[in-house]
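Please read the structure below before turning to the comments.
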DNA sequence: GCGCTGTGATACCCGGCCGGTATCACCGCA
DNA sequence: TGCGGTGATACCGGCCGGGTATCACAGCGC
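Residue numbers (the UniProt record's numbering), protein chains in the order written: chain A, 1 to 291; chain B, 1 to 291.
Put into structure tokens, the structure is as follows:
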């Protein structure tokens with residue numbers, strides 16, 4: 001009746017990406033005529049024009065843009081479903097945790113130590129955790145608010161910390177005990193490093209584009225840039241670095257994230273371990289403040 | 001290759017729900033043999049057993065349970081995608097907003113007044129907003145934290161308010177200026193009304209099971225029950241009701257919610273209107289406190 | 001023990017749909 | 001006015017999804 005089929009959605013997404021039937025057909029490994037026909041069928045079934053076949057080019061209609069968003073989510077969902085199902089059947093059953101390299105090493109180690117069963121840790125690129133959760137390569141991830149895109153995920157706060165400026169040890173500002181964002185932005189010889197945004201692009205600016213923490217460490221040590229990181233990054237800094245607390249940078253909360261509605265027993269167990277840790281940590285913090 | 005098909009997922013979910021091939025086939029409107037074959041194909045392709053065909057009965061394997069969760073989400077996604085695509089093509093293009101009847105009437109009216117373009121308001125049952133968002137019947141919804149299930153949705157806080165106890169006007173407790181939860185739970189002649197949980201069931205207890213606010217209003221007026229509601233519910237109370245502030249009930253935040261990753265321009269516009277309202281409201285509140 | 005009932009699995013056939021090739025209609029362009 | 005390139009159309013063949021008939025096997029009543 002009006003039930004979309006995965007094959008149709010795959011075809012549609014490819015055409016929408018290429019905006020060219022012949023190239024799309026080639027990418028799909030089929031001939032062009034069946035592809036044209038499949039898209040026509042889809043449009044007929046929906047009762048909606050998805051493409052404007054103007055002379056000189058194919059363009060998405062507004063409805064087509066809507067379907068493109070939806071279809072991408074659905075396709076990612078199906079491959080995630082297949083992956084998760086296979087993983088659920090595998091005898092090892094190790095929970096897969098994705099985390100950005102270099103982020104909160106200490107926290108992660110405490111979490112793994114506290115957890116009874118085995119966890120497989122995957123280090124992924126900056127901001128890639130969400131994708132790994134969505135396509136089923138990971139069951140849980142360590143992510144950071146407000147940097148990472150947490151929409152569509154359930155989360156549990158683990159740790160909130162202030163941010164610090166990472167400077168070359170010899171830099172004049174490195175002698176200060178605290179800095180403001182204005183201080184480091186004012187250093188025209190030391191542009192602020194730029195992290196990728198949710199969509200993987202970088203906002204324009206003079207600073208270098210950062211892909212991973214190690215690259216950043218090296219650039220700072222070379223005196224090329226200054227970076228803003230959460231305080232726990234101190235654990236992997238070099239002697240050539242100086243970390244100065246920032247008074248006016250937003251606090252960063254590291255969270256444990258997992259796909260919304262995940263009913264996995266193993267995920268639930270890890271979350272329980274994590275909340276236990278977080279509770280203990282906040283209790284210790286209160287005691288330290290009282291003392 | 002290993003690409004799940006919607007038809008297979010639909011078949012699988014039906015069998016998983018019925019745990020009986022013949023009945024499932026009947027529900028699907030096909031014969032039993034093709035259904036058996038389809039499930040076998042699915043299992044072969046995944047390389048995973050989804051059902052335990054024990055003598056005397058069919059049961060889901062662990063992997064099958066995982067796939068069932070995933071498949072339900074995907075199927076809901078496809079019908080939502082079709083609906084949203086069709087709606088995007090419709091000339092009227094009215095934004096559909098779902099809200100629980102009786103919740104924050106005042107707030108909603110202010111929101112609609114402030115918004116320039118037309119919004120179609122759908123009143124739905126308690127806790128049904130999430131389903132309407134997920135299956136594409138609504139673009140945005142008014143929901144309440146912590147009552148509603150907000151997982152998988154993006155939200156914007158609109159208003160936080162305390163809760164009040166709704167009592168029959170003649171009840172002894174109605175003369176008090178404030179109450180605690182213990183006060184109203186202690187009234188054995190007046191059981192506390194029970195709202196449905198996220199899954200639609202009710203936790204066991206003596207109070208009546210509530211489906212909508214009007215039903216609740218009537219039951220309270222009849223002296224059958226006492227209810228706990230957010231303060232703004234006062235706007236639709238009867239003269240036969242008394243609303244007494246509760247000192248120890250959690251605060252309730254009304255939020256505007258929409259599907260995560262929605263790129264709809266119309267949704268973004270409404271959210272902007274809403275945040276403008278919320279900002280103005282909090283500013284007025286601060287001024288009131290200063291005065 | 002022996003049918004009977006009801007389960008899911010198997011065997012086999014048929015028709016429709018998906019994919020292929022060949023071709024058309026139509027545009028921009030030299 | 002041909003020529004290259006676009007997507008659409010026409011038509012054909014093989015595959016696969018759906019059908020019926022039947023089997024294998026368990027529980028059950030006699």
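Ideal Cβ positions, reconstructed from N, Cα and C, are used throughout, including at glycine. Keep in mind that this is a model prediction, so the values were computed, not measured.
DSSP lists B:255 as the bridge partner or partners of residue 143 of chain B. Flagged as an interface residue toward chain B: residue 67 of chain A, by a C-beta distance shorter than 7 angstroms. At a C-beta separation below 7 angstroms, residue 78 of chain A has these neighbours in chain B: 3, 4, 74.
Beyond the five residues adjoining it in sequence on each side, residue 155 of chain B comes within less than 6 angstroms, by CB distance, of 255, 257 in the same chain, given in chain order. For the region 81-112 of chain A, the beta-carbon criterion of a distance under 7 angstroms to any beta-carbon of chain B is satisfied by 81, 82, 84, 85, 86, 88, 89.
Within its own chain, the residues whose Cβ lies closer than 6 angstroms to the Cβ of residue 174 of chain B, once the five positions on either side in sequence are excluded, are 167, 242, listed in chain order. Its chain contains 149 as the residues whose beta carbon lies nearer than 6 angstroms to that of residue 198 of chain A, once the 5 sequence neighbours on both sides are disregarded; these appear in chain order. For residue 122 of chain A, DSSP records a beta bridge to A:98. Of all residues in the region 53-64 of chain B, the ones placed with a Cβ closer than 9 angstroms to any Cβ belonging to chain A are 61, 62, 63, 64, in chain order.
Restricting attention to beta strand (DSSP E) runs no shorter than 3 residues, the region 200-251 of chain B encloses them at 227-230, 241-245, ordered along the chain. A direct Cα-to-Cα measurement between residue 229 of chain A and residue 165 of chain A gives close to 6 angstroms. Of the residues A:169, A:105, A:9, A:106, the one whose Cα lies closest to the Cα of residue 221 of chain A is A:169. Straight-line measurement puts the Cα of residue 49 of chain B at about 24 angstroms from the Cα of residue 76 of chain B. For residue 177 of chain A, same chain residues with a beta-carbon under 8 angstroms away, outside a window of 5 residues either side, are 244, 245 in chain order.
In the DSSP annotation of this structure, residue 113 of chain B is not part of any beta strand (DSSP E); the continuous alpha helix (DSSP H) holding it starts and ends at 105-114.
Excluding residues up to 5 positions away in sequence, 126 lie with their Cβ nearer than 6 angstroms to the Cβ of residue 100 of chain A in the same chain. Interface residue (Cβ-Cβ distance to chain B less than 7 angstroms): residue 223 of chain A is not classified as such.
Residue state for residue 156 of chain A is assigned as strand, using DSSP reduced to three classes. Counting along the chain, residue 168 of chain B sits inside the beta strand (DSSP E) bounded by residues 163-168. In the structure shown, the three-state DSSP call for residue 189 of chain B is coil.
Assignment of beta-bridge partners to residue 53 of chain A by DSSP yields A:58. The alpha-carbon of residue 273 of chain A is positioned some 11 angstroms away from that of residue 266 of chain A. Among the residues facing chain A, residue 15 of chain B is not included, as its CB has no counterpart in that chain under 7 angstroms away. Shown here, residue 194 of chain A sits in a strand according to DSSP, grouped into three states. Taking all protein chains shown into account, residue 12 of chain B has 16 or more neighbouring C-beta atoms within 10 Å of its C-beta and is therefore buried.
Annotation: residue 209 of chain A to residue 106 of chain B spans about 48 angstroms, alpha carbon to alpha carbon. Here residue 179 of chain A carries a strand assignment [DSSP, helix/strand/coil]. Contact check for residue 120 of chain B against residue 96 of chain B passes: the beta carbons are separated by less than 7 angstroms. Excluding sequence positions up to five before and after residue 94 of chain A, its CB lies within less than 7 angstroms of the CB of 118, 119, 120, all in the same chain and listed in chain order.
Minimum Cα-Cα distance from residue 108 of chain B among the listed residues B:282, B:235, B:162, B:27 corresponds to B:235. In the assembly as shown, residue 115 of chain B is a buried residue. Its beta-carbon has 16 or more other beta-carbons within 10 Å. Residue 80 of chain B is not a Cβ neighbour of residue 129 of chain B, given a cutoff of 7 angstroms. Of the residues B:184, B:279, B:19, B:264, the one whose Cα lies closest to the Cα of residue 89 of chain B is B:264. Close CB contacts of residue 248 of chain A within its chain, under the 6 angstroms cut and outside five residues either way in sequence, are with 180, 181 (chain order).
Contact with chain B is found for residue 46 of chain A, since one of that chain's Cβ atoms lies less than 7 angstroms from the residue's Cβ.
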